[in-house]
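In the UniProt record's numbering, the protein residues as written are 1 to 308. Step one of this worksheet: look at the structure below.
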């Protein structure tokens, strides 16, 4: 049993606040079950002052989205010299920026889809590439703002230039890859199992598919050939290494095997702060490896450090 005082950072100021509260609540309860002294911290802009007063031994970062996983809170923790979980400043900033992460992944030999980054207002009424394609914010998580443009759409969706759009003006336009949604976690540089995610009642693995109970079916291990299974594990571990991640990450893939077994396998992105909710993927992968949730979060606390 550990006597460490762990501040679980949750909530925050991003669109993913509800998910973070759910992740943080689950992690805090599990850490208390492992014998840690836990303080639940709903993160606001006064977080530096709050942590200086708390003086925890470790910060468990259960934040999601901008500020929580883009290198910002990591920089605050580095400045305060509080060891923290997950990736450091640079890797977090890289993983959160889909354009830069894709450049780094491609240079490491990881297959990525063709894409262009542009201002959403420059898209106008003309398709920036032949449909189908996907438009996604450059710096958002949990599938916020993802728009799929089908072949039969005469022009880009009007939401992209609407005043209702709240995900920033810089977007990535990426070739749509048909096929199966596959994902693989990495823990301490070692790949975990591969899950196929089958959204139920949704066109793709969107926010509700991820976080609403019954929103998706998780098939673990994914029913694919051993060769493709191992290739996905290898690519997930390589993405983790190339981007410079520490602790736990998760890479998402699309696999189109309609025409051949080798098919079209494409790396989509890396999540450096995977969800830790009851419906989340990485805890499920860890459990499949025989690592119970309490043991899993305890390992993350003991792995925490600065200068990550």
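Ideal placement from N, C-alpha and C gives every residue a C-beta, glycine not left out. All of these numbers come straight from a predicted model, not from anything done at the bench.
Which residues bound the alpha helix (DSSP H) around residue 19?
-> 17-33
Secondary structure of residue 238, DSSP reduced to three states | Annotated three-state conformation of residue 238 is helix, per DSSP.
Given residue 17, which residues of its chain have a CB within under 7 Å of its CB, disregarding the five upstream and five downstream residues?
-> Leaving aside the five residues that flank residue 17 on each side, the residues in its chain whose CB is nearer than 7 Å to its CB run, in chain order, 11.
With C-beta atoms as the reference, is residue 14 less than 8 Å away from residue 68?
-> Cβ distance < 8 Å, so residue 14 and residue 68 count as in contact.
Residue 145 versus 131, 152, 162, 225, residue with shortest Cα-Cα distance | 162
Contacting residues, own chain, Cβ-Cβ under 6 Å from residue 100 (five flanking each side not counted) | 94
Those runs of the beta strand (DSSP E) which lie wholly inside the stretch 68-109 and span at least 3 residues | none
Just how far apart, CA to CA, sit residue 270 and residue 251?
-> Their Cα atoms are separated by approximately 4 Å.
When burial is assigned at 16 or more other CB atoms within 10 Å of the CB, is residue 350 buried or exposed?
-> Only positions 1 to 308 of the chain appear in this structure, which leaves residue 350 out of reach.
With contact counted as at least three CB pairs below 8 Å, one residue from each stretch, are the stretch 146-156 and the stretch 186-196 in contact?
-> no
Is there contact between the stretch 163-183 and the stretch 251-264, where contact requires at least three CB pairs shorter than 8 Å?
-> yes
Does the beta-carbon of residue 74 have 16 or more other beta-carbons within 10 angstroms, so that it is buried, or is it exposed?
-> buried
Backbone CA spacing between residue 132 and residue 102 [nearest angstrom] = 20 Å
Output the distance between the C-alpha atoms of residue 138 and residue 171, rounded to the nearest integer angstrom.
-> Rounded to the nearest angstrom, the two C-alpha atoms are 5 Å apart.
Residue range of the beta strand (DSSP E) that residue 58 falls in?
-> 58-61
Please determine, among 76, 97, 107, the residue with the shortest C-alpha to C-alpha distance to residue 50.
-> 76
Alpha carbon to alpha carbon, how far is residue 259 from residue 70? Give it in angstroms, no decimals.
-> Roughly 38 Å separates the two Cα atoms.
Check whether the Cβ atoms of residue 8 and residue 62 sit closer than 8 Å, and answer yes or no.
-> yes
Can you tell me which of 25, 28, 90 puts its alpha carbon nearest to the alpha carbon of residue 307?
-> 90
Could you pull the start and end residues of the alpha helix (DSSP H) that residue 53 belongs to?
-> 47-54
Evaluate residue 97 with the Cβ neighbour count: other Cβ atoms within 10 Å of its Cβ, from every protein chain shown; 16 or more gives buried, anything less gives exposed.
-> With at least 16 other beta carbons inside 10 angstroms of its own, residue 97 counts as buried.
Report the rounded CA-to-CA distance for residue 116 versus residue 173, giving the unit in angstroms.
-> 5 Å
Hey, how far is the Cα of residue 22 from the Cα of residue 276?
-> 8 Å
Do you know offhand how far residue 226's Cα is from residue 272's?
-> 26 Å
Whole-angstrom Cβ separation of residue 64 and residue 19, contact assumed at under 8 Å?
-> 5 Å
Take residue 156 as the anchor and find which of 230, 121, 261, 48 has the nearest alpha-carbon.
-> 121
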